[in-house]
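Structure first, commentary second.
Residue numbers (the working numbering): 1058 to 1196.
What follows is the structure, given as structure tokens:
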């Protein structure tokens, strides 16, 4: 199973739904509309990418999974993903095992979570694997 990390700002759109593709599992680490400190998000991203790192256990304990969506399914809300306007961190999607950048989220070019998950599903299919997606939103 491939591990993917989405790092961006995320604005919930409660009047819309996110489509989760077959073979994709999405994990969230904060409530919708509640931001995560970007320094803590970076630590969490590092812990998810390298669970054997010395600080990984403590970071994962501080940041438990809050929600889990499994595909195929539709869930409310849709999320609009945007880049960090302060450029404190790069926004996009990374395949954790290979450190490959799957997509970059550019300033002024928002992406829906539905579109991001479809890009991940397509990438995972090329590797003949299912995907677990970790969403780190610094709202």
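We treat Cβ as the ideally placed atom computed from N, Cα and C, and that holds for glycine.
From a predicted model like this one, the values you see are computed outputs, not experimental measurements.
Under 8 Å between C-beta atoms of residue i and residue j
i	j	result
residue 1081	residue 1190	yes
residue 1074	residue 1135	yes
residue 1163	residue 1070	no
residue 1066	residue 1172	no
As assigned by DSSP and simplified to three states, the class of residue i
i	result
residue 1150	strand
residue 1060	strand
residue 1145	coil
residue 1140	coil
residue 1102	helix
residue 1180	helix
residue 1186	coil
residue 1175	helix
residue 1164	coil
residue 1196	The predicted model places residue 1196 with a pLDDT of 48, which falls under 50 and marks its position as unreliable; any figure quoted below should be read in that light. Of the three classes helix, strand and coil, the one that applies to residue 1196 here is coil, per DSSP.
Residues of its chain near residue i, where Cβ-Cβ distance is below 7 Å and the 5 sequence neighbours each way are ignored
i	result
residue 1064	1098, 1102, 1146, 1148, 1149, 1193
residue 1129	1077, 1078, 1079
Contacting residues, own chain, Cβ-Cβ under 8 Å from residue i (five flanking each side not counted)
i	result
residue 1181	1059, 1061, 1080, 1081, 1187, 1188
residue 1086	1093, 1101, 1120, 1121, 1122, 1123, 1191, 1192, 1193
residue 1044	In the structure as shown, the chain starts at 1058 and stops at 1196, and residue 1044 therefore has no counterpart that could be examined.
Contact set for residue i: own chain, Cβ-Cβ below 6 Å, skip 5 residues either direction
i	result
residue 1084	1122, 1125, 1191
residue 1113	1104
residue 1100	1116
residue 1131	1074, 1076
residue 1089	1069
Start and end residues, beta strand (DSSP E) containing residue i
i	result
residue 1124	1124 to 1127
residue 1158	1157 to 1161
residue 1081	1081 to 1085
residue 1132	1130 to 1132
residue 1075	1075 to 1077
Residue i: first and last residue of the uninterrupted alpha helix (DSSP H) it sits in
i	result
residue 1118	1113 to 1119
Practice item. Would you check if there are 3 or more beta carbon pairs closer than 8 Å linking the stretch 1100 to 1118 to the stretch 1165 to 1179? Key: no
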